[in-house]
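If you read the sequence shown in the numbering used here, its first letter stands for residue 1063, the second for the next number, and so on.
These notes are about the structure you will find just below.
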Amino acid sequence: MLTPRPEYPRPLLVRPDWKNLNGSWCFVEDAGDVGLIEGWFKAGLPKGAATIQVPFPVESEASTIHNIQPASVVWYQRDFDLPLAWDKRVCLRFGACDHWTRVFVNGQEVGQHRGGYAPFAFDIDHVVGSGTNTIVVRVEDSLSWTQPRGKQAGTTRWPIDYDSVTGIWQTVWLESLPPVSIESTLSVFGVDSGELVLTALFSKQVEGELTVELLLAGVLVDRKQVNTGLRSEARVSFQLDEPLLWSPDSPILYDVKLTLLDIRTGSVDEATSYIGLREVEVRDGFLLLNGEKLFLRGILDQGYFPGGWYTALSDADLRRDVELTLQMGFNCARKHQKAEDPRYLYWADKLGLLVWAEMPSGKIFSTELVQTLVSEWTDLVKRDRAHPCVIAWVPFNESWGVWHQSSRPQQRAFVDGVVGITRAMDASRPVVGNDGWEFSSGDLWTLHLYFEGKSLNQRLNELIKSPQSSVAEGNGMGSRVGALPGANVEGLPILLTECGGVGYGRFSESDFSYGDLPETEVLLQEAIQEIAKMIRAAPKLQGFVWTQLTDVQQEVNGLLYFDRTPKLPIETLHEIISSIG
């Protein structure tokens, strides 16, 4: 059987010495949570263990388990041999595993990680040897909303929630590394100054030299070297006289070669990456890309896939979603309540699709939610901040998990604090503190309106005149205002970041959409055109996000069916969407 998802999983930092561990693993559901007591991490999984296909979640068909209500504890096991040429540090990496992961190699625990979305890694060279080595992974998940879960609700859910995700759902791989390695990058470019500042982060503090080569179409543009000064990161600056800018119309990428020399040991780490020269800013009340006004034509993308559920069956499926989004006339995807596979962001970088990066929410405010969300979010910002396609950070959505910001200061402090942490990690992009309503802090004022009753322009004008007036009512949420008392939205760009939601194609009485379902394709097209007309008639808007890319389970408000078949001809959708703004 071919290895599923064989491509290198981390396109921003590529090394040649790696080993893909996707494919067949032994698998056991531990309903009684006896595995630790019985020492499965040493003795191996019990006889009769099933086989699961990694990296597909337990609930997916592609996993071959396909259990939509798995036990809260599951175990994985597989053997591997180290390549004979590897004589350096060995690192075991997980793209993502939901939710609490404990990893054992040859009977010894090498590390733990909490969270279902951020990558993590453990050094394992101290426990591996020549010949066969064994990895055992214990994963514990729950249906508690005190942990960030996004839209994973299990079988009891809101009309907008879906089946859960358990276990490994992104690539697992081994990497051969020197004692100190380059772990991530960040690049910031100024259009007016022509200055590119590239920051490289290391696995630990090092007295060394970082060399960065910038290339375009294989030709060296410039080469810089800097001493790391016993720090865990270093910056180099390039002055570019004739930079080729990255944009949706021209997604030009420069190649980057990074070399880190550890002066004390003489060890060298080399990796390749890429950057896009572009600048996103909010200035004089406008959202700008490369100094020009940007009108956002966005689609809400839940990131679920036929067969693989949270995980695309192939890299080509990720590319296809980017291509379909562009073909329909959108220039942006709001990845909703999911931190997407980095390979999706790679194709967005390559093909020129803007992306809003959003943190999956919990729904119950708690110490656990604060700790886990902050830890995961900062790891995800670090993972994705070098992608040129990512133009905004969204740590909260519709007050999920912080329902009482207006009356409980600690919840508002949580939102404001995460906004501040995000800006501290990356000042080069706008931050949307709480998308949809109850603005407290951030760089954009984003609203969710589904056009019931009053016209869009009338509702927007009322909110602009009185930001503390209501945006949403009902659904058990009470009244939600546009901005919290004391929050200042004056002069901020206004975007409609959820709208549309027109359903089509009823399959059961439990299907959900915003408003009545049109009964024919003609009526569906008319409904979409009417909403597009209302957006065009709202001159204060600087963008919109349409709900949504595809149907998912009971939600039938996709412009595409779940199998990615368009509900209207792609050309028709492109004509409507591209005419807005």
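We treat Cβ as the ideally placed atom computed from N, Cα and C, and that holds for glycine.
No experiment lies behind these values; they were computed from the predicted model shown.
Counting C-beta atoms within 10 angstroms of its own C-beta, Phe1569 has fewer than 16 neighbours from the protein chains shown and is therefore classed as exposed. Rounded to whole angstroms, the Cβ separation of Leu1239 and Glu1271 is 18 Å, and the two are not in contact under 8 Å. For Trp1507, the closest alpha carbon among the candidates Ser1517, Phe1513, Leu1525, Ser1490 is that of Leu1525. Counting C-beta pairs closer than 8 Å gives three or more between the region 1444-1463 and the region 1489-1505, which meets the contact rule. The alpha carbon of Phe1182 has as its nearest neighbour, out of Ile1642, Arg1072, Val1614, the alpha carbon of Arg1072. Note on geometry: alpha-carbon atoms of Trp1439 and Val1432 lie some 10 Å from one another. Judged by DSSP in its simplified three-state form, Trp1087 adopts strand. Using a 10 angstroms sphere on the CB of Thr1233, the tally of other CB atoms reaches 16 or more, which defines it as buried. Inclusion of Gly1643 and Arg1359 in the CB contact set at 8 Å is warranted, their separation being smaller than that value. Listed as beta-bridge partners of Phe1156 by DSSP are Phe1182, Val1234. Glu1617 carries a strand assignment under DSSP once its states are collapsed to helix, strand and coil. A straight-line Cα-Cα distance of about 20 Å links Leu1144 and Val1242. Segment contact: the region 1323-1334 against the region 1295-1305, fewer than three CB-CB distances shorter than 8 Å; contact not assigned. By the criterion of a C-beta distance shorter than 6 Å, Gly1463 is surrounded in its chain by Ser1423, Gly1424, Lys1425, Phe1427, Leu1431, once the five residues flanking it on both sides are discounted.
Look at the region 1096-1145 and you find these whole runs of alpha helix (DSSP H), each 4 residues long or longer: 1097-1100, 1102-1105.
Within its own chain, the residues whose Cβ lies closer than 6 Å to the Cβ of Tyr1406, once the five positions on either side in sequence are excluded, are Leu1380, listed in chain order. With respect to the C-alpha of Asp1303, the residue from Glu1257, Val1116, Ser1246 having the closest C-alpha is Glu1257. Between Thr1247 and Ala1262, the C-beta gap is smaller than 8 Å, which places the two residues in contact. In terms of CA proximity to Pro1221, Phe1574 leads the group Val1584, Val1614, Glu1581, Phe1574. Approximately 12 Å separates the beta-carbon atoms of Gly1577 and Val1618; this is outside 8 Å, ruling out the contact. Annotation for Leu1557: Leu1349, Leu1358, Leu1506, Trp1507, Thr1508, Leu1509, Leu1603, Gln1604, Gly1605, Phe1606, Val1607 place their beta carbon closer than 8 Å to its own, counting only its chain and skipping 5 residues before and after. When the Cα atoms are used, Ser1122 and His1128 turn out to be separated by approximately 5 Å. Residue environment: Ala1410 is assigned as buried (16 or more neighbouring CB atoms within 10 Å of its CB, all protein chains considered). In terms of CA proximity to Pro1305, Asn1352 leads the group Gly1548, Thr1334, Asn1352.
If you look at Trp1080, you'll find it isn't in any alpha helix (DSSP H); it sits in the beta strand (DSSP E) that goes 1080-1082. Cα atoms of Cys1561 and Asn1550: separation of roughly 24 Å, rounded to the nearest angstrom. If the five residues before and after Ile1361 are omitted, its C-beta is found closer than 8 Å to the C-beta atoms of Thr1387, Met1390, Phe1392, Cys1394, Ala1395, Arg1396, Val1607, Trp1608, Gln1610, Leu1611, Leu1621, all from its own chain and listed in chain order. Secondary structure of Gly1347 (DSSP, three-state): coil.
The alpha carbon of Ser1502 has as its nearest neighbour, out of Gln1591, Leu1554, Ala1486, Tyr1512, the alpha carbon of Leu1554. Here the C-alpha atom of Trp1231 lies approximately 5 Å from the C-alpha atom of Pro1117. Around Tyr1408, the same chain offers Pro1073 as residues with beta carbons nearer than 7 Å, after the five sequence neighbours per side are excluded. If you compare the alpha carbons of Leu1586, Pro1628, Leu1522 with that of Ala1600, the shortest gap goes to Leu1522. Counted as a single uninterrupted DSSP element, the stretch harbouring Asp1578 is not any beta strand (DSSP E), since DSSP gives it neither H nor E.
In terms of Cα proximity to Ala1158, the closest of Gln1615, Asn1168, Leu1442 is Leu1442. Its Cα nearest to that of Asp1203, the residue Tyr1179 stands out among Tyr1179, Asp1187, Gly1280, Ile1186.
Excluding sequence positions up to five before and after Ile1314, its CB lies within less than 6 Å of the CB of Leu1306, Trp1308, all in the same chain and listed in chain order.
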